[in-house]
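Report on the structure given below.
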Amino acid sequence: MAPVPPNASNPALARFPAEVLEAYQRYRTQGDAGAVEAVVIAAVVDYRPSGTGSAPAVADGTLLIEDLGYDSVAVAELVFFLEDLFDLTLSNDDIVSVRTIAELRSCVNRKLAGKVRTA
Amino acid sequence: MNPVVTGVGFITPIGNDRASVERSLREGRHGISPAVFLGNPDLHVKVAGVVKGFEVDSPSWRDWSWPDDYDIPKEVLRGLAPHGLYAICAVDQALASAGLKHSDIAGDPTTGLYCASAGSAMLLHHNLAQMRAVRGVRGNPMGVVSSIAGTLNFNLAAHYRITGTVCGFVSACASSSHALGYAIDDLRLGRIQRAIVVGAEELNADSLLPFAHMRALSKQRDPRKASRPFDVERDGFVGAGGAVAVIVEDPRAASARRAVALASAAGWGQAADGYSVAASHPEGAGLLLAMERALADARIGPDDIDHVSAHATSTPVGDLAEAVALRRLFTSRNLRPPVAATKALTGHGLSVAGVMQAAFCILSIAGGFMPGNAHLGVAGAECEGLELPRDSLRRAPTTVLSNSSGFGGSNVCHVIAAPGKITG
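Note that the protein sequences, when read in sequence, are chains A and B.
According to this note's numbering, the first sequence is numbered sequentially starting from 1.
According to this note's numbering, the second sequence is numbered sequentially starting from 120.
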């Protein structure tokens, strides 16, 4: 992974709570893969369409479409946000295989690990 | 029987509701404010017709704010350009004004949507720059629907669940007059029973400054001098943003639901200059023919017109062409209907301009007044014989001619009449 400044931040995260920014910085500065989870969950909650009832507690098995009311456009927006934030690329096959929060987190971590290996 | 207008909605530099717009028109209150673009105070553009109560400068809808009266879910916002936000607010007002709920039009195959938009240059630029920065690997998935010229029809059709006609018009400053005209035709042909017509434009560096590079904008910093149509010292137009919507209905359908007709859409006509990509024909040839065709469509003559809403943007060439055309139609017959140039108050809203003027005519008819020519000092010699009152008149017009002209020489004119005045 390329060296990053110690206070690595991203303007795209400006609207998120401080703990999400801190998690992102921890990932960027220390390569802490465990910190990615907080960012992914915050993004999932943020991009969830409105008008689909109150948000259920987000857990590993929470389904993006069935539980959180995601439609294909919201999924595309979420993926674009994560791709841009972490500078990675999710293929259509990757996206289709993701149904739950845990699967999304694993997918992002797998892609990030691939980046480290090829860096 | 002619289609009738049953609702109007306004997000404009001179007010964000019918009452405040009407007050501004009656009192000659302008909505032009100092404006700095791209943080560069040295630009020649010093003022603009700015919509108040909205903050939409950011390319991200998450940074926008708008009046609390409008509840817009984020799955709608994510596909909108700034002018799309204006448009939804204007349509919501127009529907309420017509006594219609969203549920009345959702899924109704007899309701059509007629939009005028030039797209969002700001979002197009932002999204493509983002894509180019990563050499095409990724881009905003909403980039297309939020920024290209069909953005209004895409978004509003989905938001309001329109299942009748949906279409968009892109003839620059004549485009929302085209939208109104084709809505009227579809109503006359019985294809639909009700039309939502909306034009919208955003105001930012990307939408406006290219006109400065055409040398089309006023360089004045005094709002009272910057937009002064027909004045001998006019030096260009003042850009404006906003959205205006009107609800037009089949008269029988409107009557059946006991809707109040504000005015009737009595006729329209169009003709092109066949002359220049940007400049008007020097004698207003296309505009004159468009006015004659609108009158013929309404089956009336020039002597039936008792008020004219001029396109007049405050450019030297455009106002001259319109003045010549108006003199040929009216002055040559010893007719002097009061002519109003309301862009002195609003600035020039491009894609919204035509339907904005049409809606102003509707307010004039319903409210019993005629707007004046604010900021007009000495009229150019080409205006000799035209009646150009400075202040508004407390006199109700019954039959109004509203003019629009756009790039490429498109000219579109509408005859708007008091309900029942012209039966069609």
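All C-beta atoms in this analysis are idealised placements derived from N, C-alpha and C, irrespective of residue type, glycine included.
From a predicted model like this one, the values you see are computed outputs, not experimental measurements.
For residue i, name the three-state secondary structure that DSSP assigns.
i: B/Val124; result: strand
i: B/Ala378; result: coil
i: B/Glu194; result: helix
i: B/Thr131; result: strand
i: B/Leu520; result: strand
i: B/Val443; result: helix
i: B/Val367; result: strand
i: B/Ala500; result: helix
i: B/Arg514; result: coil
i: B/Ile315; result: strand
i: A/Leu112; result: helix
i: A/Tyr27; result: helix
i: A/Met1; result: Because A/Met1 carries a pLDDT of 43, less than 50, the predicted location of this residue cannot be relied on, and the following value inherits that uncertainty. Coil, per DSSP.
i: B/Ile267; result: coil
i: B/Tyr205; result: helix
i: B/Gln389; result: strand
i: B/Asp176; result: coil
i: A/Glu77; result: helix
i: A/Pro49; result: coil
i: B/Val474; result: helix
i: B/Phe288; result: strand
Just how far apart, CA to CA, sit residue i and residue j?
i: A/Arg99; j: B/Gln249; result: 28 Å
i: A/Lys111; j: B/Ile207; result: 40 Å
i: B/His202; j: A/Ala113; result: 42 Å
i: B/Phe330; j: B/Leu336; result: 6 Å
i: B/Thr125; j: A/Cys107; result: 54 Å
i: B/Ile481; j: B/Ile535; result: 7 Å
i: B/Trp528; j: B/Asp187; result: Sequence check: residue 528 of chain B is Gly here, not Trp. When rounded, the distance between both Cα atoms is 40 Å.
i: A/Pro6; j: A/Leu21; result: Here the model assigns A/Pro6 a pLDDT of 43, short of 50, so the residue's position is not dependable and the matter cannot be decided.
i: B/Glu352; j: B/Arg334; result: 15 Å
i: B/Pro342; j: A/Arg28; result: 51 Å
i: B/Ala378; j: B/Leu219; result: 9 Å
i: B/Ala382; j: B/Val123; result: 6 Å
i: A/Asp87; j: B/Asp176; result: 27 Å
i: B/Gly360; j: B/Ile419; result: 34 Å
i: B/Glu146; j: B/Ser511; result: 7 Å
i: B/Ile224; j: B/Ala373; result: 13 Å
i: A/Pro3; j: A/Val75; result: With a pLDDT of only 45 at A/Pro3, under the threshold of 50, the placement of this residue in the model should not be trusted, and no figure is reported.
I want to see whether chain B comes within less than 8 Å of residue i, judged by CB atoms only; does it?
i: A/Pro17; result: no
i: A/Ser106; result: no
i: A/Ser91; result: no
i: A/Glu77; result: yes
i: A/Asp84; result: yes
i: A/Ala2; result: For A/Ala2, the predicted model reports a pLDDT of 46, less than 50, meaning its position is unreliable and no value from the coordinates is stated.
i: A/Val73; result: yes
i: A/Ser97; result: no
i: A/Ala43; result: no
For residue i, I'd like the list of residues in its chain whose CB is within less than 7 Å of its CB, leaving aside the five on either flank, ordered along the chain.
i: B/Leu404; result: Here residue 404 of chain B turns out to be Ala, not Leu, going by the sequence shown. Asp392.
i: B/Trp180; result: Leu196, Arg197 and Leu199
i: A/Thr89; result: Glu83
i: B/Asn76; result: With chain B represented from 120 up to 543, any question about residue 76 of chain B goes unanswered, as that position is not in the structure.
i: B/Asp182; result: none
i: A/Ala43; result: Leu78, Phe81 and Leu82
Hey, does residue i have any beta-carbon neighbour from chain A nearer than 8 Å?
i: B/Lys220; result: no
i: B/Val175; result: no
i: B/Lys344; result: no
i: B/Lys193; result: yes
i: B/Met241; result: no
i: B/Val256; result: yes
i: B/Arg313; result: no
i: B/Met489; result: no
i: B/Pro260; result: yes
i: B/Arg181; result: yes
i: B/Arg197; result: yes
Residues in its own chain within less than 8 Å of residue i by CB, not counting five upstream and five downstream?
i: B/Leu328; result: Phe156, Leu157, Leu162 and Val164
i: B/Ala409; result: Gly388, Gln389, Ala390, Asn522, Asn530, Val531 and Cys532
i: B/Val519; result: Ile424, Asp425, His426, Val427, Ser428, Cys480, Ser483, Ile484, Val534, Ile535 and Ala536
i: B/Val474; result: Ala235, Ser295, Ser296, Ala298, Leu299, Val316, Val317, Gly318, Val363, Ala364 and Val365
i: B/Arg513; result: Gly487 and Phe488
i: A/Arg15; result: Asp46
i: A/Pro17; result: Ala42
Less than 6 Å between C-beta atoms, sequence neighbours within five positions excluded: which residues of the same chain meet that for residue i?
i: B/Ala235; result: Phe288, Ser294, Ser295, Ala298, Gly318 and Ser470
i: B/Gly386; result: Ala413, Asp416, Ala417 and Val534
**Prompt:** Between the stretch 495–503 of chain B and the stretch 398–418 of chain B, do three or more beta carbon pairs fall short of 8 Å?
**Reply:** no
**Prompt:** Given 8 Å as the limit, is there contact between the stretch 269–282 of chain B and the stretch 503–510 of chain B, that is, 3 or more CB pairs closer than that?
**Reply:** no
**Message:** Does the structure place the stretch 450–457 of chain B close enough to the stretch 267–275 of chain B that three or more beta carbon pairs sit under 8 Å?
**Reply:** no
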